[in-house]
Structure formats: C-alpha cells, structure tokens
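Protein chains: 2
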Amino acid sequence: MKPINVGLLGIGTVGGGTWTVLTRNQEEITRRAGRPIRTSVVADRNLELARGMTGGQARVTDDAFSVVNDPEVDIVVELIGGYTVAKDLVMQAIANGKHVVTANKALLAVHGNEIFAAAQAKGVMVAFEAAVAGGIPIIKALREGLSANRIQWLAGIINGTTNFILSEMRDKGLPFDTVLKEAQRLGYAEADPTFDIEGVDAAHKATLMASIAFGIPIQFDKAHIEGISKLDAVDIKYAEQLGYRIKLLGIAKRQDAGVELRVHPTLIPSKRLIANVEGAMNAVLVWGDAVGATLYYGKGAGAEPTASAVIADLVDVTRLATADPLNRVPHLAFQPGQMSDLPVLPMSAV
Amino acid sequence: MKPINVGLLGIGTVGGGTWTVLTRNQEEITRRAGRPIRTSVVADRNLELARGMTGGQARVTDDAFSVVNDPEVDIVVELIGGYTVAKDLVMQAIANGKHVVTANKALLAVHGNEIFAAAQAKGVMVAFEAAVAGGIPIIKALREGLSANRIQWLAGIINGTTNFILSEMRDKGLPFDTVLKEAQRLGYAEADPTFDIEGVDAAHKATLMASIAFGIPIQFDKAHIEGISKLDAVDIKYAEQLGYRIKLLGIAKRQDAGVELRVHPTLIPSKRLIANVEGAMNAVLVWGDAVGATLYYGKGAGAEPTASAVIADLVDVTRLATADPLNRVPHLAFQPGQMSDLPVLPMSAV
C-alpha cells in the first residue's frame, strides 16, 4: 500500500529518537498501521546533524516552511519546540490540509484553542500524546479509555527533572542547588532549568489534561504554579520522618464552582503507589466516577520514550485518515493478513 | 444528532453497571461521542430484573436473538458470558452487520480468531476493552498507545479474586481455604471459583494481550496455566521474609523462537510497584523497546469499573463508525461546540 509521508521538523533528541524507532521498527509499525509510515523529508537548522542521522534515506533541508508547504507531505511532525516559529509552522501545515503530530506542550498550552479550532475547520488532526508524560499513553487514556466517566480529579508527577531532583535530595540528603547541578551534568535538567524547576512545564501538561478531562477550553493563564526551587533538604527530611514524600504534582480537580488547576510540591503518604515513583519516571493518577482510581506509569521524557508517543500518534492518524473502514484500528492491533507466525512455545522450551 | 442504538444482552452486574453509568453520565458521554448512545433494548432471562433496572426507559425482552436481529440496533453489547449462546449471538450480530462490544474473555480467548475474522469480513468492530483488567484501558494502550514499540514482554495481575486471596493470606496469615470462603462471602469469588483460582481466567486475558502485543493469532490452548490453590500460608510467609511477595501473574514474553504464554504464582521483590498492588486491584506491566517499562493500574472487576470499559468501547465505536471525519476522536475528548463553561477557579476560591 502507498506509504503515508511524514515531514519531520527538528531532528534533535526526540526527532532523532523518532527517526531511529520508525526505522528500527518499520516492519511492525507498518503491520499495525496498515500503510508504511515514511519520513520523506527532515528539516533542521543543523543540516550536518540531519544528514548524519538520515544517511540519505530522506530529503534534508534547513527550510522548515518548505516542508509544511510540500504537497507530498501528509503529516507534519513538529519537534522544534517554543511558541513562535513552531506556531507559524503548525498553522501553515493545518492551512495546507496536513495532519500534525507535536510534542510541544508549551505551544498547545498557550495557543491550543486557536490551533485545534483551525484543525477542526480544516478537518485535520493535531495529535499530541508526546506533549504529556512522554511515553505514557495518558492523553489516549483520558480522551478515549475513560470516556465513560465523569472525571473528578487527576494528579500527576509529570516533570521528570523535578522528580529526579526531589528523589536525589531525599536519597542523598543534598541541597537543591547541588542536585540541580548534578541533574544538569547528567542531562536531566537544561542549562536554563526555569520552566522545569518553577513548575511551568508541569503546568503546561496539567492544563492540557484538565481540558481533556473536563471538556473545558485550554486556560494555562489561570493555572496556579509553584515550583520546587524553594524546597530545602530539611523539608524533605522532616516529611520523611512524618511518613510522607514530597512530590511536585500537577493537579486538576472538579469543584461545583469550577476547576482547580494547580502545580505545587505536595506531601504524599509514603505508602501510596504514586509516592514511590522515583527518579525521572512519571505517573498520573486519574479518578473517574465509574472506574475509581487508575494510575499510568512510565518514562516521562527521553528520546525513545517520547518517540514512542509521537509514533503512536502517527499510527493513529494513519489508521484514522484512511477512508477504508477496514483499515481502522484492527482488533488485534496488527492488520489482518499481517499477523506473525511466531509460535507459542511449549513450557519445555521456555 | 440521531442516537446510536445499543442492544444490551444481560443486565446482571456488568450490564447493570453499564445501564447505570450510561444513564448517570449521559450528558457528558454524548458530548464526547458526538451522538447520544441510547440503550433501546435490553435482553435478560430475568425480565423482572430487566424491567426494574430500566424503569420503562428501554424495551425489555427475554429473547436475546430478537435483539441481535433487530434492525434498529446498531451496536450489540454482549454481557452474558460463556462460550455457547454468547458465541451464537455475537456471530449473528456480526452477520447482521452490527458492531459488538463484549466483556467476554473466555469467548474471545477460545473463539476470537473466528469472531474477528467474521467481523473483518463484514466491516464491523468487535471491541473488548472490558474483557481484560476491568476499567484499566490496557487493550487501548497495547493496541494504540504503544504501537511504535516492539513489545518484549508483559506481565499482569489480571485476576482480582486471586490477588485478593493472596493479599489476605499475607496480611492475616490465614490458609488458602479460609480466605477463599471469606472471598466468596464478600462476593470477590464465585460459588465455583475454579476459573479464577486455577488461573484460567488470567490465562484468557493473557492470551488476548499476547495476541495484541505480538500480532499472533489467539492461542489459548497453548497457554501454560498454574493457579494458586496449592499455595500455603507458609509459602507467602517465607517469601516475605526473603523480601518477596507472591503474585499470580499472566505473562507473555517474546523469545527468538516464539512466545512464552504462562500464568503462575511468581515471586516479586517487595520494592517493585507491581508487588504492592493489593486486594482486588489489577495492574499490567508492559515492556516496549522504545518506551521501556510502562504500568497500568486500576480496578480489574466490579460493576462500574467494567462498565467504564464497556462504555469507552461504545464511545469508540460511535466515534469511528460515524463517516463524518469531523466526528472522529476530538482533540480535547469533547466534541467542539460541546465544551463546558466550567471556569478555572482562582486559587483564593480553592
């Protein structure tokens, strides 16, 4: 079947991971999607990086607008980040009738209402599983898996940098500044860590989840945001002595009068599952009136975990954008006729 | 918009939960699905129960075949259970071009290949989120959320009855037989508990997950199955002294030569998240090559948690069966024009 063509904007950490996983798992992904998903063009300011990564398997350009205007491109994957150029590129892609997959929580938290309205008017999809909690399919769970429920609240460890810092402060009894420097050295925190440590990144993600959970427009400007930079090693120590761990939570909660939307350090009894989510891991707890509590746990960042979410969106868009009803989501994930003949082993062989 | 009509087969525990949640959350569910989901007819051998439950809001019959042959019915929800009548009903519904939603793991583990092939040929959906792990959207995670990954293995606590028994044996140091009787008294175990305690139910579920994870046909007959009825309180005590908990796991693992598919009691280090899943809760760990480990946790049984999954499937089918591309999965879960005006509260009001 004719491949669906992807234009990849940005081949840094997540873009590189996306290229790598799409290439490595191409055969399985095609069997699931029903069509090959082919990255036909890659845009990056660093042409050398892009050429090295793609090894001649895709056209390479430093002009991202040429990608969103390329009539051959069916889906634009936006992994540039930021609000300005990324927004123009996404809006132009939509105007050109292309589907968009993005990991850009900042863009969607600030301009999502405008972007989704434009996509709606054009009849294209803007998929953003990778924007929240990396590889955990939490957007899909909230939007589809829990659609029966009146969701009462959700609370998540949705920023790996701050969770890593808090875990290290607790484990090693070190002060915030020392651990932050260590996190920067290890690549868990950026050179300018403000968005992470001050809770802005978590608030972007909580804002998106709140909209999906409660069906409200995206309202990042209303979020209450408090980060972890004022926490002291002694706070964490006292909390532990009292049987608590301190976690930076993104919280969205339904009240009669409206929705609470807040990010702040929170004391959680140590026995709770979510209190035991350590290091750079993410977890989201969701409480629905029918299902009760459900929890989703996994890697919230990194090249391949985030790529996992980007590609899941590509498969979704490919499955859904195909008019043939038989090519929608297959019962057993893989398309009929594309099943594996891998045998189930007898126990003697295990 | 014209409602989509559901024919509900069985209004016992899960059927009753489905009716209750569909009624209670009707307004939100409609806003998510894009069309009202209306239960137009209910079939149950117990007409009095069905009449009492539906209170005149749906036609009631004791002839389930009249429902699957009813030209007004768009989606058949099969909650009767078992292999025989349920199979005939599902096959007849498919032959009549109706979509099917079912919670029947036994039916799908044994006859799923035939059922899905018939559905495929007819261009209808057979959705079964409720068949595995109750309200946890694990089928969706495996089939859609993790579609980028070469899945290496999955392991789940997917039978609430046995997990409840093992938790009670550990907490109270009681023997298996005593705790089983208590579980029966509390409604956590059935009068004939064989399928649960001997691991058959967990094997049904593991078989379905293995097929989705690895793209292999359903092969329940190849599963290695060992239950918990031979476990002694002393086994659990010794395990604990050595730093382990005993859990009944359903495991599917990829090897070069094929797939391991097995259910048996397993020692898990007590520090692991999954070792701390207690009582009737379920959890599934999935390891994908890109995403690494992800975990999904929630209620694995019960009226409303299972109904949550049944209704999620109804919303999925409603969204996907609607030809209008603008009525597919909406960006923020709720249909445009159906968003809430619930405000985000200022922190002073929280």
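Protein sequences, first through last, are from chains A and B. The first sequence: position 14 = 14 (the numbering used here), numbered continuously. Add 1000 to a position in the second sequence, counting from 1, and you land on the number used in the numbering used here. Cβ atoms here follow ideal geometry from the backbone N, Cα and C, with glycine treated the same way. Computed from a prediction, not measured in an experiment: that's the story for all the values here.
Counterpart residues of residue i in DSSP-defined beta bridges
i, result
"V100 (chain A)", "A:V76 and A:V126"
"M281 (chain A)", "A:K299"
"I1225 (chain B)", "B:V1263"
"I1157 (chain B)", "B:A1283"
"L1248 (chain B)", "B:P1265"
"I1151 (chain B)", "B:G1288"
"R1254 (chain B)", "B:V1259"
"A43 (chain A)", "A:L9 and A:T61"
"V1344 (chain B)", "A:V259"
"A312 (chain A)", "The partner list for A312 (chain A) (beta bridge, DSSP) is empty, contrary to what the question assumes."
"A189 (chain A)", "According to DSSP, which records beta bridges pairwise, A189 (chain A) is partnered with nothing at all."
Residue i burial status per 10 Å Cβ neighbour count (16 or more: buried)
i, result
"K1181 (chain B)", "exposed"
"P1137 (chain B)", "buried"
"M1001 (chain B)", "exposed"
"R185 (chain A)", "exposed"
"Y297 (chain A)", "buried"
"G302 (chain A)", "buried"
"A394 (chain A)", "No statement about residue 394 (chain A) is possible, as the shown extent of chain A runs from 1 to 350 and does not include it."
"A1189 (chain B)", "buried"
"G258 (chain A)", "buried"
"P1265 (chain B)", "buried"
"G74 (chain A)", "Residue 74 (chain A) is actually Asp in this sequence, not Gly. So D74 (chain A) counts as buried."
"S211 (chain A)", "buried"
"A191 (chain A)", "exposed"
"P71 (chain A)", "exposed"
"P346 (chain A)", "exposed"
"Q55 (chain A)", "Reading off the sequence, residue 55 (chain A) comes out as Gly, not Gln. Counting Cβ neighbours within 10 Å, G55 (chain A) comes out exposed, since fewer than 16 surround it."
"A1121 (chain B)", "exposed"
"K237 (chain A)", "exposed"
Chain-ordered chain B contacts of residue i [CB-CB under 9 Å]
i, result
"A280 (chain A)", "Here the premise fails: no neighbours, minimum Cβ distance about 11 Å."
"E78 (chain A)", "Here the premise fails: no neighbours, minimum Cβ distance about 15 Å."
"K98 (chain A)", "The contacting residues do not exist; K98 (chain A) stays about 14 Å from chain B at best."
"A90 (chain A)", "Checking the sequence shown, residue 90 (chain A) turns out to be Val, not Ala. Here the premise fails: no neighbours, minimum Cβ distance about 13 Å."
Contacting residues, own chain, Cβ-Cβ under 6 Å from residue i (five flanking each side not counted)
i, result
"T18 (chain A)", "A307 and V310"
"D201 (chain A)", "N159 and F195"
"R1150 (chain B)", "D1289"
"K299 (chain A)", "G134, G135 and P305"
"M53 (chain A)", "I11, G16 and W19"
"M1125 (chain B)", "H1099 and V1317"
"I1004 (chain B)", "R1035, I1037, D1074 and T1318"
Neighbouring residues, chain B, relative to residue i (Cβ below 8 Å)
i, result
"P386 (chain A)", "Here chain A has residues from 1 to 350 only, and residue 386 (chain A) is not among them."
"V106 (chain A)", "Note that residue 106 (chain A) is Ala in the sequence shown, not Val. Under the 8 Å cutoff, chain B gives no residues; its nearest Cβ is about 17 Å from A106 (chain A)."
Chain A residues whose Cβ lies nearer than 7 Å to that of residue i
i, result
"R1031 (chain B)", "G215"
"I1212 (chain B)", "L332 and A333"
"F1164 (chain B)", "Per Cβ cutoff of 7 Å: no residues; F1164 (chain B) is ~15 Å from chain A at best."
Cβ shell of residue i (< 8 Å), same chain only, five flanking positions each side left out
i, result
"A1233 (chain B)", "M1169, G1173, L1174, P1175 and F1176"
"F1128 (chain B)", "V1101, T1102, A1103, N1104, K1105, L1108, I1139, L1208 and D1313"
"F1220 (chain B)", "A1109, V1110, A1203, H1204 and T1207"
"T1023 (chain B)", "Q1057"
"A1148 (chain B)", "G1288, A1290 and V1291"
Cross-chain neighbours of residue i in chain B, by beta carbon under 7 Å
i, result
"Q219 (chain A)", "V1344"
"N276 (chain A)", "L1273"
"Y296 (chain A)", "Y1296"
"D316 (chain A)", "E1144"
"L437 (chain A)", "Residue coverage of chain A in this structure runs from 1 to 350, which leaves residue 437 (chain A) outside it and unanswerable."
"V284 (chain A)", "Within 7 Å Cβ-Cβ: nothing; V284 (chain A) doesn't reach chain B, min ~11 Å."
8 Å Cβ cut-off: residues of chain A touching residue i
i, result
"M1339 (chain B)", "G215, I216 and P217"
"K1140 (chain B)", "P137, K140, A141, E144 and G145"
"I1352 (chain B)", "The question about residue 1352 (chain B) has no answer here: the residues shown for chain B are numbered 1001 through 1350."
"S1308 (chain B)", "L146, A148, N149, G288, A290 and V291"
"A1119 (chain B)", "H331"
Neighbourhood of residue i by C-beta distance below 7 Å, restricted to the same chain and skipping five residues each side
i, result
"R1031 (chain B)", "F1334, Q1335 and Q1338"
"V1067 (chain B)", "G1007, L1009, V1041, A1043, T1061, V1073 and V1076"
"V1132 (chain B)", "K1105, I1138, I1139, I1158, K1205, L1208 and M1209"
"Y244 (chain A)", "L267, I268, P269 and S270"
"W1049 (chain B)", "The identity of residue 1049 (chain B) in the sequence shown is Leu, whereas the question assumes Trp. These residues qualify, in order along the chain: I1011."
"E1240 (chain B)", "R1170"
Under 7 Å from the C-beta of residue i: neighbouring residues of chain E
i, result
"K299 (chain A)", "No chain E is part of this structure, whose protein chains are labelled A and B."
Note down, in chain order, all residues in the stretch 174-202 of chain A with a beta-carbon under 9 Å from any beta-carbon belonging to chain B. none
Relative to chain B, which residues along the stretch 248-259 of chain A have a C-beta separation below 7 Å, given in chain order? Q255, A257, G258 and V259
Residues of the stretch 24-55 of chain A with Cβ closer than 7 Å to any Cβ of chain B, in chain order: N25, E28, I29, R31 and R32
Check each residue of the stretch 220-232 of chain A: if its Cβ is closer than 8 Å to any Cβ of chain B, include it; give the result in chain order. K222, A223 and H224
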